[in-house]
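A.B. asks: Under this note's numbering, residues 2 to 260 are what the sequence shown spells out, in order. One structure, pasted below without further comment.
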Amino acid sequence: MPSPFPGMDPYLEHPALWPDVHHGLIEALRGALAPRLRPRYRVVVEERVYVTGVEGAAFIGRPDVSVVRTEAPMEPATVQAAPSPLRPRTVQVPLPDQVREAYLEVRDVASGEVVTVVEVLSPTNKRPGVGRRLYEEKRLQVLGSRAHLVEVDLLRAGEPMPVSGDGRGSHYRLLVSRAERRPWADLYAFSVRDPIPTFRLPLRPGDEEPVVDLGALLQALYDRAGYDLAVDYAADPVPPLEGEDAVWADRLLREKGLR
2 MPSPFPGMDP YLEHPALWPD VHHGLIEALR GALAPRLRPR YRVVVEERVY
52 VTGVEGAAFI GRPDVSVVRT EAPMEPATVQ AAPSPLRPRT VQVPLPDQVR
102 EAYLEVRDVA SGEVVTVVEV LSPTNKRPGV GRRLYEEKRL QVLGSRAHLV
152 EVDLLRAGEP MPVSGDGRGS HYRLLVSRAE RRPWADLYAF SVRDPIPTFR
202 LPLRPGDEEP VVDLGALLQA LYDRAGYDLA VDYAADPVPP LEGEDAVWAD
252 RLLREKGLR
């Protein structure tokens with residue numbers, strides 16, 4: 002069953018559903034690109050792993066196992082405790098949360114060099130904190146290199162990634178930054194009412210660049226993953242649509258018999 006929306010389905014942005022959508026979209030992109038780019042290029046899934054919970058604590062890389070030396074326990078001292086009139090209160094302590102963010106690298110088979118980086122933004126990239134800080138550092142590294150950058154933002158919530166020029170006023174964005182054109186880049190800004198734009202994947206000069214139909218990939222993923230079984234179209238999406246967009250979505254869903 003296809004999504005009722007012509008482009009990005011806002012119900013897929015729900016925090017409980019988005020991690021699965023993100024993972025599925027990364028794999029769908031690799032599945033679509035790898036056969037078209039071989040034998041010149043490989044498409045590799047890479048992953049950022051970091052820990053959040055206490056702000057400022059971040060461990061970048063793959064998870065590891067800590068080895069702690071255990072010493073013999075000391076004999077407990079006998080202390081006569083004075084009676085206390087205070088009773089303890091029940092509190093919560095912040096627990097670390099391990100975050101995994103997958104992205105794609107298109108690599109030259111002969112040299113192993115990264116030619117293009119494809120990022121699909123996560124909620125942690127768009128709100129203040131370690132996730133955004135780490136992503137912005139990685140983004141600057143790519144923009145300062147010879148690699149192209151494709152940045153896919155299918156989330157309405159949070160602060161968009163910085164660009165100079167007309168980068169606001171839309172729900173969603175696709176950024177295609179070609180290394181040879183920097184600081185200029187192509188920004189595709191679109192709303193919940195629009196089809197997702199297609200774009201050409203930047204590669205090495207002289208190589209044929211495949212057209213990426215992200216909307217078709219997302220529709221196929223929606224059907225394959227059975228997201229219609231996980232979405233309640235009778236309720237508002239999270240985050241909710243506003244104003245005329247909310248009226249438009251309500252009318253669309255009623256026409257489709259989903260409300």
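Ideal Cβ positions, reconstructed from N, Cα and C, are used throughout, including at glycine. Note that the structure is a prediction, hence the values are computed from the model and not measured.
Starting from D98, follow the beta strand (DSSP E) in both directions and report where the run begins and ends.
C.D. replies: Unbroken beta strand (DSSP E) run through D98: D98 to D109.
A.B. asks: P238 and P11: beta carbons closer than 7 Å?
C.D. replies: Result yes, Cβ atoms of P238 and P11 sit closer than 7 Å.
A.B. asks: Leaving out five residues on either side along the sequence, give the residues of the same chain with a beta carbon under 7 Å from the beta carbon of H24.
C.D. replies: Cβ within range, chain order: A103.
A.B. asks: Measuring straight from C-alpha to C-alpha, what distance separates A235 and R252?
C.D. replies: If I take the Cα positions, the gap works out to 12 Å.
A.B. asks: Of all the alpha helix (DSSP H) runs that stay within the bounds of the stretch 103-187, which reach a length of 4 or more residues?
C.D. replies: Those alpha helix (DSSP H) runs which fall completely within the stretch 103-187 and span 4+ residues are 131-144.
A.B. asks: For D233, is the classification buried or exposed, using 16 other Cβ atoms within 10 angstroms of its Cβ as the cut-off for buried?
C.D. replies: D233 comes out exposed.
A.B. asks: Here's the rule: buried if 16 or more other CB atoms are within 10 angstroms of the residue's CB, otherwise exposed. What is E137?
C.D. replies: Exposed: under 16 other Cβ atoms inside 10 Å.
A.B. asks: Find the nearest neighbour of L18 within the set D187, L156, V94 and H172, judged by alpha-carbon distance.
C.D. replies: Measuring from the Cα of L18, the nearest candidate turns out to be L156.
A.B. asks: Could you give the DSSP three-state label for E210: helix, strand or coil?
C.D. replies: Reduced to three states, the DSSP call for E210 is coil.
A.B. asks: Just list the residues that DSSP pairs Y51 with in beta bridges.
C.D. replies: V100, per the DSSP bridge assignment.
A.B. asks: Check A190 in the structure and name its three-state DSSP category.
C.D. replies: A190 falls in the strand class under three-state DSSP.
A.B. asks: Look at the Cβ atom of A29, then the Cβ atom of L218, and state whether they are nearer than 7 Å.
C.D. replies: Against a cut-off of 7 Å, the Cβ pair of L218 and A29 comes out as a contact.
A.B. asks: Exposed or buried, V110, counting other C-beta atoms within 10 Å across all chains shown (16 or more means buried)?
C.D. replies: Exposed is the call here.
A.B. asks: Can you check DSSP and say which residues form a bridge with R43?
C.D. replies: Per DSSP, R108.
A.B. asks: Can you tell me whether R225 is helix, strand or coil according to DSSP?
C.D. replies: Correct three-state label for R225: helix.
A.B. asks: Where does the unbroken alpha helix (DSSP H) through D251 begin, and where does it stop?
C.D. replies: Its alpha helix (DSSP H) spans residues G244 to E256.
A.B. asks: If contacts are defined as beta-carbon pairs under 8 Å, then V45 and E114 qualify, I think. What distance do you get, rounded to the angstrom?
C.D. replies: Incorrect: roughly 12 Å between the Cβ atoms, too far for contact.
A.B. asks: Which word fits E243, buried or exposed, when buried means at least 16 other C-beta atoms lie within 10 angstroms of its C-beta?
C.D. replies: Looking at its Cβ environment, which holds fewer than 16 other Cβ atoms inside 10 Å, E243 is exposed.
A.B. asks: Among V119, P36 and T91, which one has its Cα closest to the Cα of F200?
C.D. replies: Nearest C-alpha to F200: V119.
A.B. asks: Cutting at 7 Å between CB atoms, please list the residues of its own chain near P198, excluding the five before and the five after it.
C.D. replies: Taken in chain order, the residues that qualify are L175, Y189 and F191.
A.B. asks: Using beta-carbon positions only, say whether V52 and P16 come within less than 7 Å of one another.
C.D. replies: Against a cut-off of 7 Å, the Cβ pair of P16 and V52 comes out as no contact.
A.B. asks: Could you please give me the residues that DSSP links to R90 through a beta bridge?
C.D. replies: Note: R90 sits in no beta bridge, so no partner.
A.B. asks: On the CB-based measure, 16 or more other CB atoms within 10 Å of its CB, does L204 come out buried or exposed?
C.D. replies: Buried.
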